[in-house]
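Accompanying notes for the structure given below.
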Amino acid sequence: MKSLADLQALREKLKADIKLRRNEGTIVIVGMGTCGIAAGAREVMSAVLDELAVRKLVDVQVRQTGCIGMCEKEVLVDVIRPNEPRITYGKVKPEDVKKIIADHVVNGRIVEELVVGKIEQN
Amino acid sequence: MQHIRAHVLVCGGTGCKSAGSKDIQLSFAKNLEAYGLQDEVMVVETGCHGFCENGPLVIIYPEGTFYCKVKVEDVKEIVESHLYKGRIVERLLYREPMSLEQVPSYSEIGFYKKQKRLVLENCGAINPEQIEEYIAVGGYEALAKAVTTMSPQEVIDEVKKSGLRGRGGGGFPTGMKWEFAAKSVSDKKYVICNADEGDPGAFMDRSVLEGDPHRVLEGMAICGYAMGADEGYIYVRAEYPLAIKRLRIAIEQAEALGLLGDNIFDSGFSFKLHIKEGAGAFVCGEETALMASIEGKRGMPRPRPPFPAVSGLWGKPTNINNVETFANVAQIIVHGADWYCQFGTERSKGTKVFALTGKINNTGLAEVPMGITMREIIYDIGGGITNGKKFKAVQIGGPSGGCLPENMLDLPVDYDSLIAAGAMMGSGGLVVMDEDTCMVDVAKFFLNFTQSESCGKCTPCREGTKRMLEILTRITEGQGVEGDIELLENLAKNIKETALCGLGQTAPNPVLSTLKYFRHEYEAHIKEKRCPAGVCEKLANYTITDACRGCGLCARNCPVQAISGKIKSKHVIDQAVCIKCGACMAACPFKAIIKG
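Protein chains in written order, with the working numbering: chain A, 111 to 232; chain B, 8 to 603.
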């Protein structure tokens, strides 16, 4: 390491690995209530993680949540981009995940046909 | 590579490790595999979070959920419920000791809310055995900035302007110390980090070394650059094996990346570091004794001057600072002295880490801005006194410090007001005492410690502390005589003025401060032969109350036949014969015997 710039370049590369502990970036939430799991939430979760890995989106947080009462619409997946409303997608199948991540998580375009709810963040 | 969606931070500080955190870590690995989560959840061993009372601690991100007192049996439930299904395991959350409310996240806990963690910011948040994590949070940028963009004098000026004072005891301005060493002309100079943390109850230096070792190395390298030293020693006690292990790893990793060694950042500045393990003598925390120990001589202090800045290790100019002091340096260089000055008071800048121990609910490490009151530390952060007892005194500054009573609780905690009150910042040990504590006994405890740690080189310390300890012992045994208090004061004054080093000069402080604030307790012991707190065994009087049923068990258990009475009627203890052993009290099935 020969300069401050070298160090900063290394830091930029390493920063993403611990970003998870800083609460920044886009959040994807998968409903993992009994209803969600029965409807295949685990498979959806795996698809989300695979897609994020393929695209190297290391700073996206993936969380789970319990049943929110819309069991009929499981598997539910929420996407929250910083300073944007929380979008809930319903009846998500593993094969839908690619599109949600490509369109919404990466490019900020909501996948309208799957949306079941929208919550304004304050 | 899989996407890592969660980090499980398992505390690997000494406290949590001894409570079994290593097994918990292994159990996480096993259970994650059982649920097929091993590629999406990462387990990280961190340094100490400071909340040792509630260990072993496990923190799960991204939620920041704070689990305490985790057992190996709990791991399966955490993996299944939290990591697989996303449901927090509520029974393992922290409960506030006063309100009994459950708190889910790290940042909401009362213990952390009032803290200002500058020195400890990475402790518990990063893996101390991976330099990459330290660099990811901005590590070594201060060193790079200093050696590539600042002159040594500019570094010294910045540290001087920050108002940083030594965190190890006396509170000498760090920048001035560096300047003295920088001005000494020599072909060779040394930087020493004093990690010989010996105060009973103090463990902040250990936690910094275990939790964030690179921060200390970085501070030392910056000091080396400022004063023109190319070599440094970390003098760390051998009783800190984990700290030593992590320091070794840290030095190796920093050398591999060229952050220590020759020509750092292509600036022409070179810096090498060695670790010297101390054998655990308290006096080796004194700088001249410490240097003698590194040189392979007996750890004994020598008179100053010459000061180490002029003639230190092997006769070369040397600068010695404590662990916490070095840990402050990087942030001062990165953010600037003006930023640093916003924390603290007029003459005491920045923060101080305190080790909370004794009769307090949240024992552990707390870092607070200078100037906060003792009451805030003990009640808001420390969670108050255990078992709802009444506060009596707080001992601050270790064996060199003093005891402060309740009416001093609103005293702002900074170097100068503590000295004025008869205590000192010292290394920052805080021992909280409740109403059941005898202050004469406390003074005796601390004096006993310094007495046995006295190296014996100078007479005032070797003989004086011995005589003082004899007087205190006879007072607690009911043999105190009129004039003992005055004799103690006289001896204390002499030792303070004539002892060779800091150990002796401050040894009488616990006696003087308890005499100042709790003189009546000494008087009760001497004049009334009574220990108001009921601690001193030889002064205790055992009496039998009317609850006695006359079973005769006490009389049969008394080793000196001091108890007499007829069966089925109340017994009595002959105080002249009683040896205060307490066997009767332990034997009584009706709790009819009281001590007082």
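In this text, a Cβ means the ideal position worked out from N, Cα and C, and glycines have one as well. Please read these numbers as outputs of a predicted model, since none were measured by experiment.
Check, Outcome
"For A/I210, which residues in chain B fall below 7 Å Cβ to Cβ?", "Near A/I210 there are no residues of chain B at all, since even the closest Cβ is about 14 Å away, more than 7 Å."
"Tell me B/N326's beta-bridge partners as DSSP assigns them.", "B/V198"
"With a floor of 3 residues, list each beta strand (DSSP E) that falls wholly inside the segment 323-401 of chain B, ordered by position along the chain.", "325-329, 358-365, 371-376"
"Determine the extent of the beta strand (DSSP E) in which B/G604 is found, giving its start and end residues.", "There is no way to answer for residue 604 of chain B, as the model of chain B reaches only from 8 to 603."
"Can you tell me the Cα-Cα spacing of B/Q137 and B/Q260, whole angstroms?", "8 Å"
"Going by other Cβ atoms of all chains shown within 10 Å of its Cβ, with 16 needed for buried, is B/V273 buried or exposed?", "Correcting the residue type first, residue 273 of chain B is Asp in the shown sequence and not Val. Exposed: under 16 other Cβ atoms inside 10 Å."
"Measuring CB atoms only, is the segment 161-181 of chain B touching the segment 339-352 of chain B, in the sense that at least three cross pairs come out at less than 8 Å?", "yes"
"How far does the alpha helix (DSSP H) with B/R255 in it extend, from its first residue to its last?", "248-263"
"Cutting at 8 Å between CB atoms, please list the residues of its own chain near B/G559, excluding the five before and the five after it.", "G572, I574, H578"
"Is it buried or exposed, B/A430, if we count other Cβ atoms within 10 angstroms and call 16 or more buried?", "buried"
"Locate the beta strand (DSSP E) running through B/A583, then write down its first and last residues.", "No beta strand (DSSP E) holds B/A583; DSSP gives it neither H nor E."
"Which residue comes first and which comes last in the alpha helix (DSSP H) that contains B/L216?", "211-218"
"At a cut of 8 Å, does the segment 313-321 of chain B reach the segment 146-159 of chain B through at least three beta carbon pairs?", "no"
"Do B/L280 and B/Y247 come within 9 Å of each other at the CB atom, strictly closer than that value?", "no"
"Tell me the rounded alpha-carbon separation between B/P312 and B/P220.", "32 Å"
"Using a Cβ cut-off of 9 Å (strictly closer), state whether A/T175 contacts chain B.", "yes"
"Are the segment 66-76 of chain B and the segment 13-24 of chain B touching by the rule of at least three beta carbon pairs closer than 8 Å?", "yes"
"Name the residues in the segment 10-37 of chain B whose C-beta lies less than 9 Å from a C-beta of chain A; which are they?", "H10, I11, R12, A13, H14, L16"
"Can you tell me which of the three DSSP states B/I478 falls into?", "helix"
"Measuring only the C-alpha atoms, how far is B/F350 from B/L411?", "24 Å"
"Tell me whether the beta-carbon of B/L107 lies closer than 9 Å to the beta-carbon of B/V360.", "no"
"Indicate the three-state DSSP secondary structure (helix, strand or coil) for B/P159 in the structure shown.", "helix"
"Following the continuous beta strand (DSSP E) through B/I66, name the residue where it begins and the one where it ends.", "65-68"
"At a CB-CB cut-off below 8 Å, which residues of chain A make contact with B/G145?", "R121"
"In chain B, which residues lie with their C-beta within 7 Å of the C-beta of A/D127?", "A143"
"Since A/L130 meets chain B, which of its residues come closer than 9 Å, beta carbon to beta carbon?", "I11, R12, A13, H14, M49, Y68, P69"
"If B/C468 and B/G433 are in contact, beta carbons under 8 Å, what's the gap, nearest whole angstrom?", "Not really, about 18 Å apart at Cβ, beyond 8 Å."
"Any C-beta of chain A sitting closer than 9 Å to the C-beta of B/Y91?", "yes"
"Confirm, please, whether the CB-CB distance from A/Q174 to A/K137 is below 9 Å.", "Per the sequence shown, residue 137 of chain A should be read as Ile rather than Lys. It is not a contact, given that the beta carbons lie outside the stated cut-off."
"Should A/I137 be flagged as near chain B, meaning a C-beta pair shorter than 9 Å?", "yes"
"Which term fits B/Q568, buried or exposed, when burial requires 16 or more other beta carbons within 10 angstroms of its beta carbon?", "exposed"
"Specify whether the segment 433-443 of chain B and the segment 399-416 of chain B touch according to this definition: at least 3 beta carbon pairs, one from each stretch, less than 8 Å apart.", "yes"
"Assess, as a yes-or-no matter, whether the segment 480-493 of chain B is touched by the segment 521-533 of chain B under the definition of 3 or more beta carbon pairs within less than 8 Å.", "yes"
"For the segment 82-155 of chain B, which segments carrying the alpha helix (DSSP H) assignment without a break, of at least 4 residues, lie completely within its bounds, in sequence order?", "117-120, 138-143"
"Going by alpha carbons, who is nearest to B/I367 out of B/T444, B/A228, B/T393, B/E103?", "B/T393"
"Less than 9 Å between CB atoms is the rule here; does B/R98 satisfy it with respect to chain A?", "no"
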